[in-house]
Every structure is written in structure tokens, then in C-alpha cells.
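In what follows, a single structure is set out as C-alpha cells and then discussed.
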Amino acid sequence: GAGVSQSPRYKVAKRGQDVALRCDPISGHVSLFWYQQALGQGPEFLTYFQNEAQLDKSGLPSDRFFAERPEGSVSTLKIQRTQQEDSAVYLCASRGNTEAFFGQGTRLTVV
Amino acid sequence: AQSVTQLDSQVPVFEEAPVELRCNYSSSVSVYLFWYVQYPNQGLQLLLKYLSGSTLVESINGFEAEFNKSQTSFHLRKPSVHISDTAEYFCAVIPAQGAQKLVFGQGTRLTINP
Numbered sequence: 001g002a003g004v005s006q007s008p009r010y011k012v013a014k015r016g017q018d019v020a021l022r023c024d025p026i027s028g029h030v031s032l033f034w035y036q037q038a039l040g041q042g043p044e045f046l047t048y049f050q051n052e053a054q055l056d057k058s059g060l061p062s063d064r065f066f067a068e069r070p071e072g073s074v075s076t077l078k079i080q081r082t083q084q085e086d087s088a089v090y091l092c093a094s095r096g097n098t099e100a101f102f103g104q105g106t107r108l109t110v111v
Numbered sequence: 112a113q114s115v116t117q118l119d120s121q122v123p124v125f126e127e128a129p130v131e132l133r134c135n136y137s138s139s140v141s142v143y144l145f146w147y148v149q150y151p152n153q154g155l156q157l158l159l160k161y162l163s164g165s166t167l168v169e170s171i172n173g174f175e176a177e178f179n180k181s182q183t184s185f186h187l188r189k190p191s192v193h194i195s196d197t198a199e200y201f202c203a204v205i206p207a208q209g210a211q212k213l214v215f216g217q218g219t220r221l222t223i224n225p
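These protein sequence lines map, in sequence, to chains F and W. Going by the numbering used here, the final residue of the first sequence carries number 111, and the count climbs one at a time with no gaps. Going by the numbering used here, the final residue of the second sequence carries number 225, and the count climbs one at a time with no gaps.
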């Protein structure tokens, strides 16, 4: 596609609920990243894929966070048993040669 | 590891005035440097980047940034701002080789007053 697409744009979850956030990267981009952006902060790295391989998941804050990219294209970030501190914008990016292109993000609000 | 410090969390300026948004980085290896802009309720958009070559890089909408290796800085400047430049600006670095992830600063909110 023309750009990185994320869905849903907004998600309200009750505490304890599981959520799944989707990212469609730019076609042909091998690298895919997930970032978490808390209110008033810069994006913080969560995890990185090269094709279907998850090469770095050092930024995932707990074992409630899980990401996958089974066919090397679309990726899903799953958060189990959501907590209030998970409220943030989740950004997906795909990368060509040198620069990363970001989606519009999913704003997750846990109530 | 890399780190980025954006020295100003908020910068208010009047329309048509010049502006400088400061960015300093720390890294033991060569890096690529980026400025991203985030408009309200939008994702990040690449504004400009430094990879190699000329240390002064420019964007299509009048912003420029200069890579200063000795001062480990990559400050963003515009000689005359417009209301439409109101946004959050993020400086980011990535190692020229090896680790793939961008490391961002905390961001600077640029507010343009008429």
C-alpha cells in the first residue's frame, strides 16, 4: 500500500481485557517496528521484526505483551490482561533502506 | 547504546519569527540522525535526515538541520515559521551499522502564536 496502516485507530478496553492491534506495513518492507508513546513522551521501542523473525523484543514491558508477524507482512501486537498503565499510542513503522515510515497509531485507553 | 536529549519541551514563538529546536545525542558509534514531526492525532512524519555528506540538510518546507559531530548536536532551524508548523518535533538516532531501532528524544512542542 501507499503507507503504513494501523487499526483500529482508537481502542477502549476494560482493565483485564485482551486487545489486538494490527499493522499493515508498506509493501516490500522487510523491517517492522512497534513503539509505545505515552502522553507527552517520545516513542519508546517495543519490538522489531525482519520478515517473520522477531529479532529484538527487548522493549516489551512485560510478558503480557506479545507480537507476531507470521507471514512477514502484517503484524499484530497483542496485550493480555490490560492494565491502566498500558494506556498509550502504539505506533507501527516499516523501514526501507534507511528511513522508517510510521502509521497513524492506535490510541489505547484502558478504563 | 544511544540516547537523545531534546533540551526544550516547549517552544512558543510568534508567526514569521525564526526558531531553533535543540537536539543532542550520545553514541559511541557513527549514527544516522532524523527529525520527525507529529501533528495532532497523527503519526510521525519524516522531516529530514542526515546520513552522510553535507552536514547541512534541508526539508521541502523550509526547515534545516546541521549535524555537528564535535558537539554531538543536530539542531533544527527555520528562519520564519507559520501557524501550520505547530506540532511536536522529535529528534531520533540510529546506529549507522548494527542495531535497527530508532532512539527518540522526548520531543519539543512548537507553538506558533499569531
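We treat Cβ as the ideally placed atom computed from N, Cα and C, and that holds for glycine.
Exercise for the section: Could you check which residue in F:Arg64, F:Lys14 and F:Val19 has the C-alpha nearest to that of F:Pro8? Expected result: F:Val19
Handout entry: Three-way DSSP call (helix, strand, coil) for W:Ala171 in this model
Key = Sequence inspection shows Ile at residue 171 of chain W; the Ala mentioned does not correspond to that position. Looking at W:Ile171 - three-state DSSP - the assignment turns out to be coil, as it is neither helix nor strand.
Problem - Residues bridged to W:Asn179 (per DSSP) - result: W:Ser184
Practice task
Just the C-alpha distance for F:Lys78 and W:Ser191, rounded to the nearest angstrom, thanks.
Solution key: 44 angstroms
Problem - Reduced DSSP category for F:Ile26 - H, G, I as helix; E, B as strand; rest coil - result: coil
Problem - Per-residue contacts from F:Ala100 into chain W (C-beta, under 7 angstroms) - result: Leu213
Problem - Pair within 8 angstroms by beta-carbon distance, W:Ile194 and W:Pro225 - result: yes
Practice task
Provide the residue span of the beta strand (DSSP E) that contains W:Cys202, from first to last.
Solution key: Ala198 to Pro206
Practice task
Could you tell me whether any Cβ in chain F is nearer than 8 angstroms to the Cβ of W:Phe185?
Solution key: no
Exercise for the section: Assuming F:Ala13 and F:Ala88 form a contact by the criterion Cβ under 8 angstroms, report the distance between their Cβ atoms to the nearest whole angstrom. Expected result: With 8 angstroms as the limit, F:Ala13 and F:Ala88 do not qualify as a contact, their Cβ atoms being about 12 angstroms apart.
Exercise for the section: Count the other CB atoms, across all protein chains shown, that sit within 10 Å of the CB of F:Asp86; report buried if there are 16 or more and exposed otherwise. Expected result: buried
Problem - Candidates W:Asn179, W:Ile205 and W:Val148: closest to W:Ser166 by CA position - result: Reading the sequence as shown, one finds Thr at residue 166 of chain W and not Ser. The residue with the shortest Cα to Cα distance from W:Thr166 is W:Asn179.
Exercise for the section: Reducing DSSP to helix, strand and coil, say where F:Tyr56 ends up. Expected result: Contrary to the premise, residue 56 of chain F reads as Asp rather than Tyr in this sequence. DSSP places F:Asp56 in strand when its eight states are reduced to three.
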